[in-house]
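Chemist: For the sequence shown, full-length UniProt numbering assigns the number 1 to the initial residue and increments by one for each residue that follows.
Glycine included, C-beta positions come from ideal geometry on N, C-alpha and C.
For clarity, every value in this text was computed on a predicted model and none was experimentally measured.
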Amino acid sequence: WVQPSAEGFGGNPSALTVCRGRGACVCKVACLKGRRWMELSMEEQRAYVMRLLDALEVTDRDKRLKVARAILYLAQGVFDECDTETDVLYWSRHNVFLLYDMGIFTALLELLSMEIDNNQACSSAVRKPAISLADSTELRVLLSIMYLMVETIRVEMEGDSPERKAAREAFKTELGSPLYNGEPFALLLFTMVTKFCSMNAPHFPMKKVLLLLWKTILFTLGGFEELQEMKVRMRELLSLPPLPEDSIKVVRNMRAASPPASAMELIEQQQQQKRGRRSRRPLVKQDSLDTYNERDPFKNDDARDEEDDPEDVDSGIEGEVDPLDRDVIIQPPPPPPPLRPPTERVSFPKGLPWAPKVREKDIEHFLETSRNKFIGFTLGNDTDTLVGLPRPIHESVKTLKQHKYVSIAEVQIKREEELQQCPMTMGEEEVEETPAEILYLGMLPSLSQYVIALLKLLLAAAPTSKAKTDSINILADVLPEEMPITVLQSMKLGIDVNRHKEIIVKAIAALLLLLLKHFKLNHIYQFEYVAQHLVFANCIPLILKFFNQNIMSYISAKNSICALDFPHCVVHEMPELTAESLEAGDSNQFCWRNLFSCINLLRILNKITKWKHSRTMMLVVFKSAPILKRALKVKQAMMQLYVLKLLKIQTKYLGRQWRKSNMKTMSAIYQKVRHRLNDDWAYGNDIDARPWDFQAEECALRESIEKFNMRRYDKNQNSEFTPVDNCLQSVLGQRVDLPEDFHYSYEMWLEREVFSQPIQWEGLLQAQ
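(1) Taking the Cβ atom as the reference point for each residue, do L647 and K629 lie within a distance shorter than 9 Å?
(2) Go through its chain and collect everything with a Cβ distance to M443's Cβ below 8 Å, but skip five positions before and after it.
(3) For a minimum of 4 consecutive residues, which ranges assigned as the alpha helix (DSSP H) are wholly contained in the region 599-640?
(4) According to DSSP, which residues form a beta bridge with V358?
(5) Grab the span of the alpha helix (DSSP H) containing D87 for me, first residue to last.
(6) Using a Cβ distance threshold of 8 Å, determine whether the region 233-244 contacts the region 193-208, with at least three qualifying pairs required.
(7) When burial is assigned at 16 or more other CB atoms within 10 Å of the CB, is P337 buried or exposed?
(8) So, using beta-carbon positions, are Y529 and I705 closer together than 9 Å?
(9) Among the residues of its own chain, which have a CB less than 7 Å from the CB of L516, if the five just before and after it don't count?
(10) On a Cα-Cα basis, can you pick out the residue from N253, S247, P184 and M192 that is closest to L221?
(11) Going by the CB atoms, is the gap between I145 and A68 shorter than 9 Å?
(12) Give the secondary structure of E580 by DSSP, where H, G and I count as helix, E and B as strand, and everything else as coil.
(13) Excluding sequence positions up to five away, which residues of its chain have a Cβ less than 8 Å from the Cβ of E697?
(14) Would V141 and L99 qualify as a contact pair, given that the criterion is a beta-carbon distance under 9 Å?
(15) Buried or exposed, going by whether 16 or more other CB atoms sit within 10 Å of the CB of T106?
(16) Select from R499, D725, V232 and T385 the residue whose C-alpha is nearest the C-alpha of I363.
(17) Can you tell me whether Y744 is helix, strand or coil according to DSSP?
(18) On the DSSP bridge assignment, give the partners of R676 in chain order.
(19) Which residues in the same chain as L52 place their Cβ atom closer than 7 Å to its Cβ, once the five residues preceding and following it in sequence are excluded?
(20) Secondary structure at Y683, three-state DSSP: helix, strand or coil?
(21) Roughly how many whole angstroms lie between the Cα atoms of T578 and V487?
(22) State the Cα-Cα distance for the pair I413 and I524, rounded to the nearest angstrom.
(23) Does DSSP put E481 in a helix, in a strand, or in coil?
(24) If I measure Cβ to Cβ from I627 and keep anything under 8 Å in the same chain, skipping five residues before and after, which residues do I get?
(25) For my contact list, I420 and K707 are in at a C-beta cut-off of 8 Å; report their separation, rounded to the angstrom.
(26) For the alpha helix (DSSP H) that contains A453, what are its first and last residues?
(27) Can you name the residues that DSSP bridges to E183?
(28) From the DSSP output, in three-state form, read off T220 for me.
(29) Quick one: what's got a C-beta closer than 8 Å to L213's C-beta in the same chain, skipping five residues either side?
(30) Note down the Cα distance separating L74 from L89, rounded to an integer number of angstroms.
(31) If I measure Cβ to Cβ from R93 and keep anything under 6 Å in the same chain, skipping five residues before and after, which residues do I get?
(32) For the 8 Å Cβ check, are there 3 or more pairs between the region 549-568 and the region 494-508?
(33) Using a Cβ-Cβ cutoff of less than 6 Å, which residues in the same chain neighbour F694 once the five nearest sequence positions on both sides are dropped?
(34) Helix, strand or coil for Q757 per DSSP?
(35) As a quick exercise: from R64, W354, N522 and D87, pick the residue whose alpha carbon is nearest that of Q671.
(36) Can you tell which of C598, T173, C591 and P463 has its C-alpha closest to the C-alpha of L513?
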């Protein structure tokens, strides 16, 4: 078996597949009678695929597997006939669209359902002491083909024909609709996840299941750019003002800052200065965290005046110069710098990256405080009447209203309250059958099981987790039948195991974030339901435990072997692998897979704690501040942004001493995180820092969620409003379903319930 390539941000269509080197083409050689696949006409290719489709229905399991391998070879781009990686990708795309057009995906789905329901394989896997790759061969082949089809069709290329574009839309609709046994395809994969985590099917290849599930959700619901477009359209439908900026573009243009220096690094810097070594700006310097005009420490500046001017060095927001920056050894005086206006000395940006926002309740709170102070009474939720208030308050209210932001969630909550209060007047709600709505409806009965199963897998794959006897075995589809004997084999297996865990973490983090974002846009209470299940399943301490490691080592881990990446491994000659080459790894400075996982986990943590005081206090109780501060060492703008967001929401609870000793981090929060105009996050007033009734807050939210689910999804919830049938004949003529054994005890029931019960007929007539 060759190692598939690790999928990065680009989403390589051929990534993470399974192949057997050049031996995988044995099936096609026999069937094509020596002819090359590329030489066949389109009609001949379709006829051959049709024969494969017929052969998938044979009862012999080995023959079925052989045919499935032939289909996998086609989906992988008939690499035995290709000379370059580009040819492999071209023929893979061509063949995948051909396979979909011939109905291969539906046939594979039936085979997958058979394998899932194969109780004999499940029971034998449960009894085995050690599960290996051989126990999931059929499942892995099927899932590999399906993953290739979903990922290849999902990615749109410039040269796609109208037929391919139509096939993409048809496949997208097919995957998102309840066409497979009355439920979307994603629910079948969720069922596999829960079945694996409940130990009923320990041989399921979880990495492939999770990857296919993630890509299916990404295809059917849409990625972040499609989500942004949907958000803009929904705001237009709700007559809300447009978004102040495109958050995706703002984050892309944001520059990374250097992380705070550790005590050891500061001591080393002092020692270097004492030895008379003139030091340039170190990479990990606290002051650098606060500036936008930081310079790359590995580049030499041409302008000597910029290097030697002590006031022009990256100073903090407060304008102070760190004493560690001053030179101990006096150098020969440089030529005097040219005179420049003071405005050019530090090139601060023209404005903050984010437009400030104000909520309606923030304006109400501001006016309530002002009226109590100047008038002595309040006017409730009235934000228009400013009589009796001084002129500066008028200006403040005007500024607040200019930056007022009404979210889609606020509109949805208000609409839900109206539907709950006036069900008859408002009428029945028209729910649009979006892919997110269909998915939520299917997930609703077993949502808690799905969430717990995903978090179990995340815990088992986390690098900080210790192996336990009762934990689930996520290595069933990576461990060979025979354990390695040589050192080289052991190193290859170790790299593969670590890579396997990294991919599982990546898939789960991306999947959870997609679900949260799409459910939040579809309806806020759907998002809150998933988020509350995550909180109750200890998602917050789990993510913090994940980050409580040497995060720089995790980001720069090299758990991949370039020579075994697909399609490189099947086109080029296989070089001889040695322990030295495996230990050296690839030439990439970062592992983008792990960086992707870290950013998504931070975003999930932000999603479930935003505007929730009880969950923010959980961050404080679990001592997340030092863990998050260590994560700032990763010099990547997007990751730093979400770390700073998490630090901002808990700053007021961390105490004055923490704020005093972390002023550079506070300045970075001010520069990079969006402002709420009257949010005193940096001061921690007694009103905001008082102890909250956390249990009551979660219970109130839980009650609102249950009311929403009952109103929208419970079919029997309107039973009290249904008309009553007053006709005696029609009531007696209704068919009543009775238990099968009722006729055996009918006489006893008649004696007990009818004959032995005294009936006061006179009283009954008088009551009428």
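Modeler: Taking the definition as stated:
(1) yes
(2) L187, F190 and Y450
(3) 613-621 and 624-631
(4) K404
(5) E85 to D101
(6) no
(7) Because P337 sits at a pLDDT of 45, beneath the cut-off of 50, its placement in the model cannot be relied upon, and the following sentence gives the value as read from the coordinates. Per the 10 Å Cβ criterion, exposed.
(8) yes
(9) F527, V530, A531, I604 and K607
(10) P184
(11) yes
(12) helix
(13) K612, H613 and S614
(14) no
(15) exposed
(16) T385
(17) helix
(18) K357
(19) V67, A70 and I71
(20) coil
(21) 10 Å
(22) 7 Å
(23) coil
(24) L544, F547 and N548
(25) It should be pointed out that residue 420 corresponds to Gln in this sequence rather than to Ile. Indeed they touch by this definition, with Cβ atoms about 6 Å apart.
(26) L447 to A461
(27) Y180
(28) helix
(29) A186, L189, F190, V193, A507 and L511
(30) 11 Å
(31) T152
(32) yes
(33) S614
(34) coil
(35) W354
(36) C598
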